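A.B. asks: This is the structure I have questions about; it appears just below.
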Amino acid sequence: MSNASTMPKTKPSIYIDTCIARDITERRSDASIEFIHRIKKEGWTCKISVFGLLELVDIEQESIFVHSQYFIRKLTLDEVYSSRRTRNLGNKEFEQAFKYVDRFRRDHSFIQPVGLSDQAWSLAIVVASNSNLLASDVIHLVSAWQNDCDVVVTDDSFFIEEATKYLKNEGIWDKLRVCKPENCYSVLRELGFSNI
Numbered sequence: 723m724s725n726a727s728t729m730p731k732t733k734p735s736i737y738i739d740t741c742i743a744r745d746i747t748e749r750r751s752d753a754s755i756e757f758i759h760r761i762k763k764e765g766w767t768c769k770i771s772v773f774g775l776l777e778l779v780d781i782e783q784e785s786i787f788v789h790s791q792y793f794i795r796k797l798t799l800d801e802v803y804s805s806r807r808t809r810n811l812g813n814k815e816f817e818q819a820f821k822y823v824d825r826f827r828r829d830h831s832f833i834q835p836v837g838l839s840d841q842a843w844s845l846a847i848v849v850a851s852n853s854n855l856l857a858s859d860v861i862h863l864v865s866a867w868q869n870d871c872d873v874v875v876t877d878d879s880f881f882i883e884e885a886t887k888y889l890k891n892e893g894i895w896d897k898l899r900v901c902k903p904e905n906c907y908s909v910l911r912e913l914g915f916s917n918i
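If you want the numbering used here, it's the position in the sequence shown, counting the first as 1, plus 722.
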């Protein structure tokens, strides 16, 4: 009788980091765009955390603020940089940032937003306390882990390096990996997915 764990896997579950979502909305990385198209074409599961969507809002609001301060108000880069954490946007800018994320969700409706349970938040504290990962990267890693993803796809080299150390140290490397989009196909094959 064959064991289900030895059966080849056919459909991976992919988690995308916020930078990948930004890559595809801004059309700034061919590797990310091609990878997202492949996920959709193959019918693979794709997830992003609600936190990742909040980061998209934050990044878009910051982009709107920087643009208005530098190009319209003609402030220096130093002035813009020092004031960006205390930005004062209005309803028009809020609506613009909302539309940005709403368009991402509509255009990529196959990407499922996921949250964290209370237990996962506790795990996030353990991961943060035992690694060099930034808090935002911990949230992404634990979101993928808790939601049974096979791979976290990111362009963040530090995230990849530190998450790899942590996952290997904790014996989770055979279940969850973190990689760049261009390396994901080989990583999926290493994890036992067929037809990749």
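We put the beta carbon where it would ideally sit given N, CA and C, even for glycine. Computed from a predicted structure; not experimentally measured.
#1: Could you check which residue in Asp896, Thr732, Asp780, Phe787 has the C-alpha nearest to that of Cys741?
#2: Let me make sure I understand the geometry here. Which of Leu889, Arg749, Gln783 has the alpha-carbon closest to that of Asn810?
#3: Tell me whether Arg899 sits in a helix, a strand or coil according to DSSP, three-state version.
#4: Closest to Lys821 by CA distance: which of Trp843, Phe832, Leu778, Ile861 is it?
#5: Helix, strand or coil for Phe787 per DSSP?
#6: Would you check if the distance between the CB atom of Ile761 and the CB atom of Val873 is smaller than 7 Å?
#7: Would you kindly work out how many angstroms separate the C-alpha atoms of Phe832 and Thr767, rounded to a whole number?
#8: Quick one: does Glu782 have its CB under 7 Å from some CB of chain D?
#9: What is the DSSP secondary structure of Ile882, reduced to helix, strand or coil?
#10: Need the endpoints of the beta strand (DSSP E) that Ser851 sits in, please.
#11: State the beta-bridge partners of Ile738 as determined by DSSP.
#12: For Asp878, which option in Leu855, Ala866, Leu898, Tyr792 has the closest C-alpha, if you only look at C-alpha atoms?
C.D. replies: Quick answer:
#1: Asp780
#2: Minimum Cα distance to Asn810 is reached at Gln783.
#3: strand
#4: Leu778
#5: helix
#6: no
#7: When rounded, the distance between both Cα atoms is 8 Å.
#8: Protein chain content of the structure displayed is limited to a single chain, and chain D is not contained in it.
#9: helix
#10: Careful: Ser851 lies outside any beta strand (DSSP E), inside the alpha helix (DSSP H) at 840-851.
#11: Val875
#12: Leu855
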